[in-house]
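Residues in the sequence shown are numbered from 171 upward in steps of one, following this note's numbering.
Cβ coordinates follow ideal geometry from the N, Cα and C atoms, glycine included.
Below: the structure, in structure tokens.
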Amino acid sequence: MEDRTEHTSRHVHIAFPHPRQVLSSAPYNGGWVDADHLLILNVRDNFKGDQGPFEPLHKTFKNYSHRKKWTGKTVGMMTSAKMTSFRKEQRSARGVDIAVLATAGISNARRAGDPAECRTFDPVEMVTGTINIIILTTAALSPAALVETVMVVTEAKTAALQDLGILSPVTGRGATGTGTDAIAVVSGKSSPPIRFCGKHTLFGELLASATIDAVCSSLGDRKNQPHSIGIEIGNG
171 MEDRTEHTSR HVHIAFPHPR QVLSSAPYNG GWVDADHLLI LNVRDNFKGD
221 QGPFEPLHKT FKNYSHRKKW TGKTVGMMTS AKMTSFRKEQ RSARGVDIAV
271 LATAGISNAR RAGDPAECRT FDPVEMVTGT INIIILTTAA LSPAALVETV
321 MVVTEAKTAA LQDLGILSPV TGRGATGTGT DAIAVVSGKS SPPIRFCGKH
371 TLFGELLASA TIDAVCSSLG DRKNQPHSIG IEIGNG
């Protein structure tokens, strides 16, 4: 059974046939949850806060899901980047499948350690470019492997930005991401368990390679039209 992915001008939506374990930094239902849906939603740019007032983030996702008649728990990411930036890369080896889905914008490119605009520990919600990355795999990832996946994907995203020569407008040095990036990792059950997935492992190599290609393609060419695809990943 396959997860169904829909790509439109407003969203990238993944519907799971049954709840899947998801570890994410998503602003809506982030953390480690069992999810029925994964969503990347396109919204208006509000980086400077001059487009408000916006409705609370949780209401935006709840109302959108209600209009689409999606039931169950949704893990939600948002971006002002166009959905034509959507890219998918897949890798397979030794009975394990990996898919990397990405949307990308760099209107708020930053280098880790740049001076932050928000000078409190509870910043206001902002919406801007954002690099959103979703990892789907058939492999059952251990808790440590889930965290290591986030680490490898983050490094791979930064490598992609280095390859593209993206700079932080704050310092003029190489950007490591944007100020609002999010990652979601969806673990599977149908393949042998993965305990480690660092850069010395085959899983880590495939994961990083797919991430670099997806991010580079997303930022390098945004002419793709919305479409629907089926991703034959995960029945666990």
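{"Query": "Segments of 4+ residues assigned as alpha helix (DSSP H) that fall wholly inside the stretch 192-252", "Result": "227-238"}
{"Query": "Residue 247 to residue 231 span [Cα, whole Å]", "Result": "9 Å"}
{"Query": "Where residue 286 falls, given that 16 or more other Cβ within 10 Å makes a residue buried", "Result": "exposed"}
{"Query": "Residue 387 versus 256, 174, 241, residue with shortest Cα-Cα distance", "Result": "256"}
{"Query": "DSSP state of residue 327 mapped onto helix, strand, coil", "Result": "helix"}
{"Query": "Environment of residue 389 [buried if 16+ CB atoms lie within 10 Å]", "Result": "buried"}
{"Query": "Alpha-carbon spacing of residue 326 relative to residue 378, whole angstroms", "Result": "5 Å"}
{"Query": "Helix, strand or coil at residue 274 [DSSP, three-state]", "Result": "strand"}
{"Query": "Cβ neighbour criterion (16 or more within 10 Å) applied to residue 280", "Result": "buried"}
{"Query": "CA-to-CA distance, residue 198 to residue 313, given in whole angstroms", "Result": "21 Å"}
{"Query": "Contacts around residue 349, its chain only, beta-carbon distance under 6 Å, and the 5 residues preceding and following it disregarded", "Result": "278, 280"}
{"Query": "6 Å Cβ shell around residue 346 - same chain, five flanking residues per side excluded", "Result": "281, 282, 328"}
{"Query": "Identified DSSP bridge partners for residue 258", "Result": "271"}
{"Query": "Neighbourhood of residue 234 by C-beta distance below 7 Å, restricted to the same chain and skipping five residues each side", "Result": "211"}
{"Query": "Length of the line joining the Cα atoms of residue 184 and residue 330", "Result": "25 Å"}
{"Query": "Identity of the residue in 266, 316, 271 nearest residue 192 by Cα", "Result": "316"}
{"Query": "Cβ-Cβ distance between residue 323 and residue 353 below 8 Å", "Result": "yes"}
{"Query": "Residue 177, buried or exposed, once every other Cβ within 10 Å from all chains shown has been counted against 16", "Result": "buried"}
{"Query": "Per DSSP, cross-strand counterpart(s) of residue 290", "Result": "Residue 290 is not bridged to any residue."}
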